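A.B. asks: Sharing a structure here in structure tokens format.
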Ligand SMILES: [Zn+2]
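Chains as they are written, first to last, in my numbering: chain F, 435 to 799; chain X, 21 to 254.
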């Protein structure tokens with residue numbers, strides 16, 4: 435069964451065709467990263483505007499790449515939420531129109547659930563096709579928008595073990611990178627800077643929050659701010675440029691002796707350690723049979739290595755799976771993949787389908 | 021209902037989600053079927069259902085639709101994108117031409133034959149209005165002053181400065197209507213001044229007949245005023 439997936443929940447316009455919930459036949463992503471770079475973060479109104487012009491070419495290419503036409507597509511799947519309302523509604527309304535005009539079922543998909551299902555996807559050029567992950571699984575979903583620890587008991591059955599109480603992990607990296615005068619997005623920028631740094635030269639706090647599986651990164655940001663502040667040079671007044679009504683981000687300037695690489699390394703380690711230790715703790719406690727990483731921050735090498743090390747300590751027989759990078763960040767293949775399993779549970783929507791910007795991850799079976 | 025052959029009858033489907041009042045209409049150039057409703061925050065949930073109802077009532081299948089038209093603003097950015105995304109999806113799926121019509125042009129169109137100087141206005145949210153002035157020009161009737169936005173005092177001051185008595189059509193609440201009447205604007209009762217989708221349909225049909233289409237990929241709403249509150253990075 436071929437499913438056309440559409441995803442516009444944040445700053446990526448994406449469409450994909452996936453067969454039977456696993457085989458990726460096409461996966462097209464138009465990133466708006468350049469659009470938002472000048473602002474140092476995602477501007478919701480700009481994201482929505484970007485989707486309006488990107489959506490049709492992206493869908494057309496996803497169909498072309500898959501060699502599929504209207505009659506090869508059996509289902510239209512689309513992200514219903516969570517996400518930015520103005521961004522979500524572009525994908526939802528285009529998807530509804532396609533389903534209506536082609537007479538195909540419409541399946542609204544939970545974006546968080548879809549990230550989990552990225553671990554089910556395979557590509558034609560995969561060296562070895564892994565079997566589907568064994569359940570129950572603990573999924574650590576970390577990106578600019580999410581930091582969630584999820585127990586996947588079975589298809590459609592989830593327990594939300596923990597989430598961030600303030601900044602998402604990717605957001606923490608963005609803010610940390612901004613404080614250090616590094617680029618946007620912050621994750622890759624900090625990873626790059628941290629490569630030559632010594633994480634032990636500076637002490638940054640970890641928010642363990644007792645026995646809880648929740649996360650908090652705002653204290654870390656404040657601590658970093660305190661460390662960089664003595665090196666900061668006075669900045670000119672922020673001004674709005676006449677060419678854009680949107681606030682532009684001006685990177686701070688620092689004295690030459692700012693220990694940037696060591697601070698980046700310490701910051702990265704502080705984020706990664708809490709994520710990895712809590713994930714491993716959940717694996718042991720819940721008796722999980724696999725660990726799934728998801729979200730853009732899963733691309734961070736230090737995080738992957740630390741999660742593997744911590745899980746190895748508590749449950750050496752449990753495999754840690756990480757999707758390909760293009761399936762870690764927001765994409766539509768994961769939407770089409772998750773829709774296959776959702777449709778098997780009868781989750782199909784009528785023409786009154788709506789977006790749900792605050793959609794929680796709930797069990798549906 | 022008479023049998024129509026799809027080959028000889030062409031229908032145009034028009035959508036307008038510029039403001040809280042949403043509309044959908046169908047025309048074959050001889051008659052108009054239209055629906056208007058209070059969509060507010062339910063634009064996404066209601067638009068396609070309304071289209072489906074309208075098509076069913078009129079006995080028209082999507083296979084008989086030959087073009088899609090959509091209001092491009094000014095209006096609430098989010099609402100506008102609901103109609104535009106739906107229109108783009110329908111046009112793409114059926115390989116149909118897409119026609120974008122400025123919202124105020126559509127609102128003013130019913131008064132073109134009167135030769136009256138007309139101001140079309142819509143509620144742009146948070147008490148703000150967007151309006152444009154239309155009237156006789158060079159032997160025809162067209163837009164005299166491009167869309168601008170502001171609150172009711174700005175609009176009233178402009179009418180007073182102009183010193184004529186324009187006909188007002190569109191979305192004004194009663195309080196705003198009083199302010200405009202005070203400076204000489206001719207404001208009809210609320211049921212008569214509400215924007216009618218038939219105006220948009222007429223313009224779209226004229227353009228359809230001339231083969232004037234927009235590019236479905238690049239068509240965007242008219243972003244009349246800079247977003248302010250929503251403009252900062254999250
Ligand atoms: Zn995501």
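Idealized CB from N, CA, C, for every residue including glycine. Just so it is clear, the structure is predicted and the values come from calculations on it, not from any experiment.
Of all the residues that make up the stretch 107-139 of chain X, which are near chain F by a beta-carbon distance shorter than 7 Å?
C.D. replies: 108, 109, 110, 112, 113 and 114
A.B. asks: For residue 65(X), which residues in chain F fall below 8 Å Cβ to Cβ?
C.D. replies: For this step, residue 65(X) is matched to residue 45 along the second chain. Residues of chain F passing the Cβ test: 786, 787 and 788.
A.B. asks: Is the beta carbon of residue 764(F) within less than 8 Å of some heavy atom of ligand 1?
C.D. replies: Counting from 1 along the first chain, the entry for residue 764(F) is found at position 330. Yes, since a heavy atom of ligand 1 falls inside the 8 Å radius drawn around the Cβ of residue 764(F).
A.B. asks: How far does the alpha helix (DSSP H) with residue 545(F) in it extend, from its first residue to its last?
C.D. replies: Along the first chain, read from residue 1 onward, the residue named residue 545(F) stands at position 111. Residues 545-551.
A.B. asks: In chain F, what lies closer than 8 Å to residue 98(X) by C-beta?
C.D. replies: Position 78 of the second chain, counting from 1, holds the residue named residue 98(X). Those are 482, 519, 520 and 523, listed as they occur along chain F.
A.B. asks: Per DSSP, residue 153(X) forms a beta bridge with which residues?
C.D. replies: In the second chain, the residue the question calls residue 153(X) occupies position 133. In DSSP, residue 153(X) forms a bridge with 139(X) and 165(X).
A.B. asks: Taking residue 492(F) as the reference, which of 767(F), 598(F) and 624(F) has the closest Cα?
C.D. replies: Residue numbering aside, residue 492(F) sits at position 58 when the first chain is read from its first letter. Looking at the Cα atoms, 767(F) is the closest of the given residues.
A.B. asks: Could you tell me which uninterrupted beta strand (DSSP E) segments, each at least 3 residues in length, are contained entirely in the stretch 495-571 of chain F, listed from first to last along the chain?
C.D. replies: 509-515 and 540-544
A.B. asks: Shortest alpha-carbon distance to residue 461(F) belongs to which of 565(F), 555(F), 742(F) and 781(F)?
C.D. replies: In the first chain, the residue the question calls residue 461(F) occupies position 27. Measuring from the Cα of residue 461(F), the nearest candidate turns out to be 555(F).
A.B. asks: Return the first residue and the last residue of the alpha helix (DSSP H) that residue 613(F) is part of.
C.D. replies: Position 179 of the first chain, counted from the start, is the residue given in the question as residue 613(F). For residue 613(F), the enclosing alpha helix (DSSP H) covers residues 603-613.
A.B. asks: Alpha carbon to alpha carbon, how far is residue 454(F) from residue 652(F)? Give it in angstroms, no decimals.
C.D. replies: Along the first chain, one-based indexing puts residue 652(F) at 218. Along the first chain, one-based indexing puts residue 454(F) at 20. Distance between the alpha carbons of residue 652(F) and residue 454(F) is about 41 Å.
A.B. asks: Taking the beta carbon of residue 116(X) as the centre, do at least 16 other beta carbons fall within 10 Å, making it buried, or is it exposed?
C.D. replies: Here residue 116(X) corresponds to residue number 96 of the second chain, with the count starting at 1. Buried: at least 16 other Cβ atoms inside 10 Å.
A.B. asks: Give the straight-line distance between the Cα atoms of residue 717(F) and residue 595(F), rounded to the nearest whole angstrom.
C.D. replies: As a first step, residue 717(F) must be located in the first chain, where it is residue number 283. As a first step, residue 595(F) must be located in the first chain, where it is residue number 161. The alpha-carbon atoms of residue 717(F) and residue 595(F) are separated by roughly 11 Å.
A.B. asks: Pull up the distance between the alpha-carbon of residue 750(F) and that of residue 42(X), whole angstroms please.
C.D. replies: Your numbering for residue 750(F) matches position 316 in the first chain. Your numbering for residue 42(X) matches position 22 in the second chain. Rounded to the nearest angstrom, the two C-alpha atoms are 59 Å apart.
A.B. asks: Run down chain X in chain order and give the residues with a C-beta less than 8 Å from the C-beta of residue 436(F).
C.D. replies: Counting from 1 along the first chain, the entry for residue 436(F) is found at position 2. Proximity of chain X to residue 436(F) at the Cβ level (cut-off 8 Å) is not reached, the minimal Cβ distance being about 16 Å.
A.B. asks: Do residue 621(F) and ligand 3 come close, with the Cβ less than 8 Å from some heavy atom?
C.D. replies: By its list of ligands, the structure shown excludes ligand 3, since it contains just ligand 1.
A.B. asks: So what's residue 627(F) in DSSP terms, helix, strand or just coil?
C.D. replies: Along the first chain, one-based indexing puts residue 627(F) at 193. Here residue 627(F) sits in helix by DSSP.
A.B. asks: Compare the C-beta of residue 781(F) against all C-beta atoms of chain X and say whether one is closer than 9 Å.
C.D. replies: Reading the first chain from its first residue, position 347 is the one you call residue 781(F). No, because no Cβ of chain X sits closer than 9 Å to the Cβ of residue 781(F).
A.B. asks: Determine the chain F residues that contact residue 240(X) at a beta-carbon separation under 8 Å, and present them in chain order.
C.D. replies: As a position in the second chain, residue 240(X) is number 220, starting the count at 1. Near residue 240(X) (Cβ distances below 8 Å), the residues of chain F are 483, 486 and 487.
A.B. asks: Residue 549(F): beta carbon under 8 Å from a heavy atom of ligand 1?
C.D. replies: One-based indexing of the first chain puts residue 549(F) at position 115. Checking every heavy atom of ligand 1 against the Cβ of residue 549(F), one is found closer than 8 Å.
A.B. asks: From this set, 765(F), 668(F) and 621(F), which residue's C-alpha is nearest residue 701(F)'s C-alpha?
C.D. replies: Position 267 of the first chain, counted from the start, is the residue given in the question as residue 701(F). It is 621(F) whose Cα lies nearest to the Cα of residue 701(F).
A.B. asks: Give a yes or no on whether the C-beta atoms belonging to residue 471(F) and residue 618(F) are separated by under 9 Å.
C.D. replies: Taking the first chain and counting its residues from 1, the one referred to as residue 471(F) is at position 37. Taking the first chain and counting its residues from 1, the one referred to as residue 618(F) is at position 184. Against a cut-off of 9 Å, the Cβ pair of residue 618(F) and residue 471(F) comes out as a contact.
A.B. asks: Could you round the C-beta distance between residue 134(X) and residue 94(X) to whole angstroms and report it? I think they count as a contact, below 8 Å.
C.D. replies: As a first step, residue 134(X) is located in the second chain; it is residue number 114 there, counting from the start. As a first step, residue 94(X) is located in the second chain; it is residue number 74 there, counting from the start. The pair is not a contact, with the Cβ atoms about 23 Å apart (cut-off 8 Å).
A.B. asks: So, does the CB of residue 592(F) fall closer than 9 Å to a CB anywhere in chain X?
C.D. replies: The residue labelled residue 592(F) in the question sits at position 158 within the first chain. Closer than 9 Å to the CB of residue 592(F) there is not a single CB belonging to chain X.
A.B. asks: I'd like to know if residue 528(F) contacts chain X, where contact means its C-beta is closer than 9 Å to some C-beta of that chain.
C.D. replies: For the purposes of this step, residue 528(F) is identified with residue 94 of the first chain, where counting begins at 1. Yes, residue 528(F) lies at the interface with chain X (some Cβ there is under 9 Å from its Cβ).
A.B. asks: Do the CB positions of residue 763(F) and residue 577(F) come within less than 9 Å of each other?
C.D. replies: Taking the first chain and counting its residues from 1, one reaches residue 763(F) at position 329. Taking the first chain and counting its residues from 1, one reaches residue 577(F) at position 143. Yes. Within cutoff.
A.B. asks: Helix, strand or coil, according to DSSP, for residue 743(F) in the structure here?
C.D. replies: Taking the first chain and counting its residues from 1, one reaches residue 743(F) at position 309. Three-state result, residue 743(F): helix.
A.B. asks: Within 10 angstroms of its Cβ, does residue 708(F) collect 16 or more other Cβ (buried), or is it exposed?
C.D. replies: Here residue 708(F) refers to the residue found at position 274 of the first chain. When all chains shown are included, residue 708(F) counts as buried.
A.B. asks: If you measure from the beta carbon of residue 187(X) to each beta carbon in chain F, is any gap under 9 Å?
C.D. replies: Stepping through the second chain from its first residue, residue 187(X) is reached at position 167. No, residue 187(X) lies away from the interface with chain F (no Cβ there is under 9 Å from its Cβ).
A.B. asks: Hey, does residue 101(X) have any beta-carbon neighbour from chain F nearer than 9 Å?
C.D. replies: Your numbering for residue 101(X) matches position 81 in the second chain. Interface residue, yes.
A.B. asks: Could you check what DSSP says for residue 236(X) in three-state terms: helix, strand or coil?
C.D. replies: If you number the second chain from 1, residue 236(X) lands on position 216. Under the three-state reduction of DSSP output, residue 236(X) falls in the coil class, being neither helix nor strand.
A.B. asks: Would you mind giving the Cβ-Cβ distance between residue 625(F) and residue 735(F), rounded to the nearest angstrom? I have them listed as a contact below 8 Å.
C.D. replies: Taking the first residue of the first chain as position 1, residue 625(F) is located at position 191. Taking the first residue of the first chain as position 1, residue 735(F) is located at position 301. Yes, they are in contact, since the Cβ atoms of residue 625(F) and residue 735(F) sit about 7 Å apart, within 8 Å.
A.B. asks: So that I know if they touch, is there some Cβ in chain X lying closer than 9 Å to that of residue 449(F)?
C.D. replies: Within the first chain, numbered from 1, the residue matching residue 449(F) stands at position 15. Output row for residue 449(F): interface = no.
A.B. asks: Could you tell me which residues DSSP pairs with residue 592(F) in its beta bridges?
C.D. replies: Within the first chain, numbered from 1, the residue matching residue 592(F) stands at position 158. Beta-bridge pairing links residue 592(F) to 586(F).
A.B. asks: Could you tell me the distance, in whole angstroms, from the CA atom of residue 796(F) to the CA atom of residue 51(X)?
C.D. replies: Translated into the one-based positions of the first chain, residue 796(F) becomes position 362. Translated into the one-based positions of the second chain, residue 51(X) becomes position 31. Taking the straight line joining both Cα atoms gives about 48 Å.
A.B. asks: Tell me the DSSP secondary structure of residue 441(F) in three-state form.
C.D. replies: Locating residue 441(F) in the first chain gives position 7, counting from the first residue. In this structure, residue 441(F) counts as strand in the three-state DSSP scheme.
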